[in-house]
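Okay, so here's the structure we're looking at.
Residue numbers (this note's numbering): 16 to 334.
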């Protein structure tokens, strides 16, 4: 099992998907997860490796992980924010860049530094995806740089602590050799056996848990957006109880979103789809809003308020 500690990166679920597609069991945990919580979740040595994700935040701004995670004597893969946290925690130096580096970049292997089996099957030079505003300008004592990008540090490892740290995002499709990186880490470094996880096994476990938890629930509400996550959730729930799927029409839907969702739900008789026409409310509050972050928060708030209002519950209360 690989534990992925999430610090708010938009790519965290891609890390889990990468491992799972390779047949490795991976589970995402919140940023403040403690060693005690991981021991409770995975007794008897079932946890074999840890991944520290990226983040929109900087190191030292309140989202840093529990430092005792680094003392669990498990291999660690640190990505972007995780990479910067590792550098700073062990005495390296992290600085804010003059401009955010976002998009395609190239990295070159440092001659003579193999970083264990981490780079097995990987070219001397390959394309990666960068997304960061801070950079490591000096690595900790005992660390070895094994990848550089235009002369700058792009990856280092700490052999005695079993830590591999990357500035770029191997989980993103645009990065070459992402599959090899995750395979090498899980199989050759953590010793996880490929094939221990599959979609069919995960589905059966999920349905079994839902049958148990919802055994006395005849019907429930499920907010759906037309996206993959909420649509799949509604279908899973419909296998064990009746589902009222609530879709908020905010006025920004594509012409095919609603017809596609209706078509997708058609074979599932336990799903009743209801559409709330909230176009006027959304357009009124978003008119003149140009700041992307303010727009995002406004949309999120309106979704919640509209959904709860429709089912007759005050936002923040349990339905």
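Yeah, the Cβ is synthetic: ideal placement off N, Cα and C, and Gly gets one too.
Bear in mind the structure is a predicted one, so any value in this text is a computation, not a measurement.
CB-CB length for residue i against residue j, believed under 8 angstroms
{"i": "residue 39", "j": "residue 17", "result": "6 angstroms"}
{"i": "residue 169", "j": "residue 182", "result": "5 angstroms"}
{"i": "residue 225", "j": "residue 252", "result": "7 angstroms"}
{"i": "residue 288", "j": "residue 277", "result": "6 angstroms"}
{"i": "residue 273", "j": "residue 296", "result": "Not quite, the Cβ-Cβ distance comes to about 18 angstroms (not below 8 angstroms), so this is no contact."}
{"i": "residue 195", "j": "residue 137", "result": "5 angstroms"}
First through last residue of the beta strand (DSSP E) which encompasses residue i
{"i": "residue 172", "result": "167–173"}
{"i": "residue 179", "result": "178–181"}
{"i": "residue 43", "result": "41–45"}
{"i": "residue 89", "result": "Neither: residue 89 is in no beta strand (DSSP E) and is coded neither H nor E."}
{"i": "residue 18", "result": "17–21"}
{"i": "residue 235", "result": "234–239"}
{"i": "residue 134", "result": "That residue, residue 134, is in no beta strand (DSSP E); it is neither H nor E in DSSP."}
{"i": "residue 341", "result": "Summary: the structure shown does not reach residue 341, with the chain confined to residues 16 through 334, and so no result is reported for it."}
Of the residues the options, the one placed nearest residue i, counting alpha carbons only
{"i": "residue 45", "options": "162, 296, 123, 23", "result": "23"}
{"i": "residue 102", "options": "155, 42, 66", "result": "155"}
{"i": "residue 190", "options": "70, 285, 144", "result": "144"}
{"i": "residue 70", "options": "216, 47, 84, 94", "result": "94"}
{"i": "residue 208", "options": "37, 284, 276", "result": "37"}
{"i": "residue 76", "options": "63, 57, 99", "result": "99"}
{"i": "residue 110", "options": "97, 272, 78, 73", "result": "73"}
{"i": "residue 64", "options": "79, 255, 43", "result": "43"}
{"i": "residue 97", "options": "106, 107, 80", "result": "80"}
{"i": "residue 204", "options": "174, 235, 313, 309", "result": "174"}
{"i": "residue 256", "options": "199, 262, 136, 233", "result": "233"}
{"i": "residue 33", "options": "59, 309, 192, 229", "result": "192"}
{"i": "residue 21", "options": "92, 55, 59", "result": "92"}
{"i": "residue 325", "options": "295, 147, 261, 84", "result": "261"}
{"i": "residue 237", "options": "293, 198, 319", "result": "319"}
{"i": "residue 68", "options": "60, 124, 47, 56", "result": "47"}
{"i": "residue 122", "options": "107, 149, 171", "result": "171"}
{"i": "residue 118", "options": "212, 184, 55", "result": "184"}
{"i": "residue 180", "options": "78, 313, 104", "result": "104"}
{"i": "residue 292", "options": "148, 124, 266", "result": "266"}
{"i": "residue 315", "options": "305, 263, 275, 212", "result": "263"}
{"i": "residue 106", "options": "136, 62, 157", "result": "157"}
{"i": "residue 230", "options": "210, 254, 212, 211", "result": "254"}
{"i": "residue 187", "options": "308, 199, 146, 210", "result": "146"}
{"i": "residue 150", "options": "159, 108, 134", "result": "108"}
{"i": "residue 322", "options": "60, 197, 290", "result": "290"}
Extent of the continuous alpha helix (DSSP H) run through residue i
{"i": "residue 279", "result": "272–280"}
{"i": "residue 159", "result": "From DSSP, residue 159 is part of no alpha helix (DSSP H) but of the beta strand (DSSP E) over 159–164."}
{"i": "residue 311", "result": "307–326"}
{"i": "residue 140", "result": "Here residue 140 belongs to no alpha helix (DSSP H); instead the beta strand (DSSP E) covers 140–153."}
{"i": "residue 31", "result": "27–36"}
{"i": "residue 53", "result": "50–56"}
{"i": "residue 102", "result": "96–104"}
{"i": "residue 193", "result": "193–198"}
{"i": "residue 219", "result": "214–228"}
{"i": "residue 252", "result": "243–253"}
Per DSSP, cross-strand counterpart(s) of residue i
{"i": "residue 290", "result": "262"}
{"i": "residue 205", "result": "For residue 205, which the question treats as bridged, DSSP gives no partner whatsoever."}
{"i": "residue 283", "result": "Paired residues: none, contrary to the question."}
{"i": "residue 109", "result": "151"}
{"i": "residue 120", "result": "143"}
{"i": "residue 257", "result": "234"}
C-beta neighbour in chain B for residue i, strict 8 angstroms
{"i": "residue 193", "result": "As a matter of chain content, chain B is missing from the structure shown, which is built from one protein chain."}
Q.
Under 8 angstroms: do the region 299–307 and the region 234–254 share three or more Cβ pairs, one atom per stretch?
A. no
Q | the region 109–122 touching the region 80–89, judged by at least three CB pairs closer than 8 angstroms | A | no
Q: Assess, as a yes-or-no matter, whether the region 208–227 is touched by the region 156–175 under the definition of 3 or more beta carbon pairs within less than 8 angstroms.
A: no
**Q.** the region 126–135 contacting the region 212–222, beta-carbon criterion three pairs below 8 angstroms
**A.** no
Q: Determine, using beta-carbon pairs with one atom in the region 25–35 and one in the region 51–59, whether at least three such pairs fall under 8 angstroms.
A: By the criterion of at least three beta-carbon pairs nearer than 8 angstroms, the region 25–35 is not in contact with the region 51–59.
**Q.** Cβ contact (3+ pairs, closer than 8 angstroms) linking the region 250–266 and the region 282–291
**A.** With three or more CB-CB distances shorter than 8 angstroms, the region 250–266 counts as touching the region 282–291.
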